[in-house]
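Heads up, the sequence shown is in my numbering, so the first residue is 611 and it goes up one at a time. For every residue, glycine included, the Cβ atom is placed at its ideal position computed from N, Cα and C. Note that this is a predicted model, so its numbers are computed, not measured.
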Amino acid sequence: GATIVKLNAAGTKLWSKTVLQKDAEGRERIHRRHFEVCVFSALANELRSGDVAVVGAEQFADYRDQLLPWSECEPLVPEYCRQLGIPATARELVNVMHGRLSQTSLLTDQGYLENGQVVIGDDGIPVLKRHKAKEATSSAKALETAILQRMRERSVIEILCDTSHWTGWTRHFGPLSGSDAKIDQPTARYIATSFTYGCNLGPAQAARHFRGAITAHMLSFVNRRHIDANKLAAACRDIINSYAGLQLPKFWGDSKSAAADGTKYDLYDENLLASYHIRYGGSGGIAYHHVSDTYIALFSHFIPCGVWEAVYIIDGLLKNTSDIQPDTVHADTQGQSLPVFGLSYFFGIKLMPRIRNWHDYSFYSANDDDRFEHIGALFKQTIDWDLIEAHWKDLMQVVLSIKAGKIAASTLLRKLGNYSRKNRLYNAFKELGAAVRTIFLLQYISDRELREKITATTNKVESYNGYAKFFFFGGEGVIAENDPVEQEKAVKYNDLVANAVIFYNVVEQTKIIRKLIKEGWKVTKEDVAVLSPYITSHVKRFGDYLIEAEIIPDPYEGDLPIAA
């Protein structure tokens, strides 16, 4: 049975019903098991928020020890703020944000009657009218059909070979250690390895289809000793940079925005990273992609299912070193955290997620006494400007430490999650994020074109998730590796293959459009804007299967001479 110990101090109100019990004589006692559950639950929450740290730990160390000292940060502030065009003092920051929020609120109120797309109920919940998606014109459909009919059939390996010649992405692969021996025919073997792991075939299965040209051992060796996650990211960067120089993607976007979204990949259940995800339904891990508005994937993380995806929004843009550098990121419902909005502001990143359930959002006014004729019901709270000003130095110290690589944005944001209600840094980022998000929400309900652009860009990343999985066809789509390093590499291999096909498709589409124009087709910008590089009808994932019906096999024997 449970051990009962005498209560030395009064329990908290939250714990008392669970912990305190009365014995046969009516005296209050502590139920030890229940008390232990409450203690460890509180400890877990404190560890998550960073209010309790474990000395020498990796994930639960004191994040404040990783920050740059303020004496090193202070000289960097003026130039950093000048480059991003943000205020360089606490008072200036408060004045600028206060003015922006007041002005945006006033303009939204004045334009409410002319808006015609939003209705604000007495409960303060805005209701937006749905707009119908624009139908593709007959000429756009005809152009798309003509291109699809003219696309050459190619295998994935042939496409990888072509893109390797064009971009030289295999140049980044090589021995991880200077003592490792070089290999013969490195380009061919790097392409074969990228195909093997990018399509999730595995070395044993892939070697069977290479007809002895390369062994399973060699594929595994190249993956382990010549390729790591950083080299894969560099190879992807070569493809992205070459893609940025093409003209066709410029009809699809200006490369100034990207969308972030995650998709679940199945893992073996006996896996430290695998966990059950309620939203995706099932056990596995999340590949979190950042995809440009021009369709190319810029960066990816592989994260556990239980992690709040929004904490990786900033990481993806900061770690993206390609020529495509968006300053606006769109996300789905996972990108709504107030601290993320606050931190994004200090990096010059405009966070503009797609909004679905308005019951989950609060609008903050600039002043307690603000009064609006039409939109007053939206505002339920007021920004605490004094808190932002008081902790401005702490905010800048964190931002500059992240910029210097002392701490990852995702690591910090995990600490500043829903468990950090009393953490001063959390509350400061939350207040600034409340101001930034309210300005965005007011713009969102006022500008239909903005909503359409956000929807279109987030649709691209959702389409990319399915497109990448199309090439992850081996092993029933299950990542067989238990090593987190190999799991991360599996996602980056998959990105490499998907981006290579996207690049190839745009090159082919460009050739076909040029030929059509020479043949007399009238091709407009509007028709080209409807196209997409996410086409697969011409891609042969499984290679060629030869039927040699003229070869006569040996006759079969039906008898089985086994003694009884």
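Same chain only: Cβ atoms within 7 Å of residue i, ignoring 5 sequence neighbours per side
i: Tyr1054; result: Ile965, Leu1060 and Arg1061
i: Glu983; result: Asp719
i: Gly621; result: In this predicted model, Gly621 has a pLDDT of only 42, less than 50, meaning its place in the structure is not dependable enough to derive any value.
i: Tyr1077; result: Ala1108 and Tyr1144
i: Ala636; result: It should be pointed out that residue 636 corresponds to Gly in this sequence rather than to Ala. Nothing meets the Cβ criterion.
i: Lys990; result: Gly734, Ser972 and Phe973
i: Trp625; result: Cys648
Same chain only: Cβ atoms within 6 Å of residue i, ignoring 5 sequence neighbours per side
i: Val1088; result: Asp876
i: Ala987; result: Ile730 and Gly734
i: Leu856; result: Val1116
Residues sharing a beta bridge with residue i, DSSP
i: Thr992; result: Ser975
i: Ala870; result: His900 and Ala941
i: Leu877; result: Ile1089
i: Arg764; result: Val1149
i: Leu738; result: Val728
Residue i versus residue j: straight-line alpha-carbon distance, rounded
i: His827; j: Trp680; result: 52 Å
i: Asp1169; j: Ile1161; result: 24 Å
i: Arg642; j: Glu1072; result: 49 Å
i: Lys874; j: Ile896; result: 5 Å
i: Val706; j: Ala870; result: 28 Å
i: Ile923; j: Ala941; result: 8 Å
i: Arg781; j: Ala756; result: 36 Å
i: Tyr878; j: Thr1146; result: 28 Å
i: Leu753; j: Lys1121; result: 13 Å
i: Phe1113; j: Thr1134; result: 22 Å
i: Arg1047; j: Leu829; result: 48 Å
i: Trp995; j: Ile1049; result: 15 Å
i: Pro1165; j: Phe831; result: 41 Å
i: Tyr722; j: Leu1052; result: 11 Å
i: Asn851; j: Arg981; result: 50 Å
Assigned secondary structure, residue i (DSSP; H/G/I helix, E/B strand, else coil)
i: Pro949; result: helix
i: Ala1044; result: helix
i: Pro796; result: helix
i: His782; result: helix
i: Ser910; result: strand
i: Lys960; result: strand
i: Tyr1074; result: helix
i: Ser787; result: coil
i: Cys809; result: coil
i: Glu702; result: helix
i: Lys1016; result: coil
i: Pro697; result: coil
i: Leu723; result: helix
i: Trp1131; result: coil
i: Glu1158; result: coil
i: Tyr1029; result: Note that Tyr1029 scores 49 on pLDDT, short of 50, meaning its location in the model is unreliable and no value can be drawn from it.
Buried versus exposed call for residue i [16 or more other C-beta atoms within 10 Å across all chains shown]
i: Leu650; result: Reading off the sequence, residue 650 comes out as Phe, not Leu. Label assigned to Phe650: exposed.
i: Glu1129; result: exposed
i: Lys1099; result: buried
i: Tyr853; result: buried
i: Gly1084; result: buried
i: Thr1176; result: Outside the shown range of the chain (611 to 1174) lies residue 1176, about which nothing can therefore be said.
i: Pro813; result: buried
i: His836; result: buried
i: Gln1119; result: buried
Sequence-distant residues of the same chain with beta carbon closer than 8 Å to residue i, five excluded per side
i: Arg1034; result: His1001 and Asp1004
i: Ser1142; result: Trp862, Tyr905 and Ser1073
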